[in-house]
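Residue numbers (the UniProt record's numbering): 1 to 92.
Okay, structure coming up:
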């Protein structure tokens with residue numbers, strides 16, 4: 001069995017932090033779209049599995065992101081996890 005790719009999101013203050021951390025840890029190309037639709041596309045098709053995404057301090061990010069951005073980001077992560085049996089999202 002293949003070892004999973006681990007992505008650790010931490011100290012998220014805004015969506016740019018999210019895009020920076022995914023881009024760095026998954027070595028995304030420079031033309032990565034840096035929006036939630038592009039993130040969905042990358043996670044649902046471009047990244048080989050298995051993948052484990054751990055969002056450390058997610059509740060601390062809520063007031064910094066705001067409820068709408070928090071919900072939208074979590075929605076994208078959960079949607080991709082629902083589409084892929086080899087992708088897991090962990091909130092810590």
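The beta carbon of each residue, even a glycine, is placed where N, CA and C say it ideally should be.
- Inter-residue distance for residue 7 and residue 54 is about 6 angstroms (C-alpha atoms, whole angstroms).
- One Cα belongs to residue 56, the other to residue 37, and the distance between them is close to 22 angstroms.
- Within 10 angstroms of the beta-carbon of residue 59 lie fewer than 16 other beta-carbons, which makes it exposed.
- Leaving aside the five residues that flank residue 92 on each side, the residues in its chain whose CB is nearer than 8 angstroms to its CB run, in chain order, 54, 55, 56, 57 and 58.
- In the same chain as residue 78, and ignoring 5 residues on each side of it, the C-beta atoms closer than 7 angstroms to its own belong to 89, in chain order.
- As the crow flies, the alpha-carbon of residue 34 is around 17 angstroms from that of residue 68.
- Comparing alpha-carbon positions, the option among 70, 51 and 9 lying closest to residue 22 turns out to be 9.
- Residue 24 sits in a helix when the DSSP states are folded into three classes.
- Non-local beta-carbon contacts of residue 80 in its own chain, meaning distances under 7 angstroms to residues more than five positions away in sequence, involve 40, 43, 44 and 87 in chain order.
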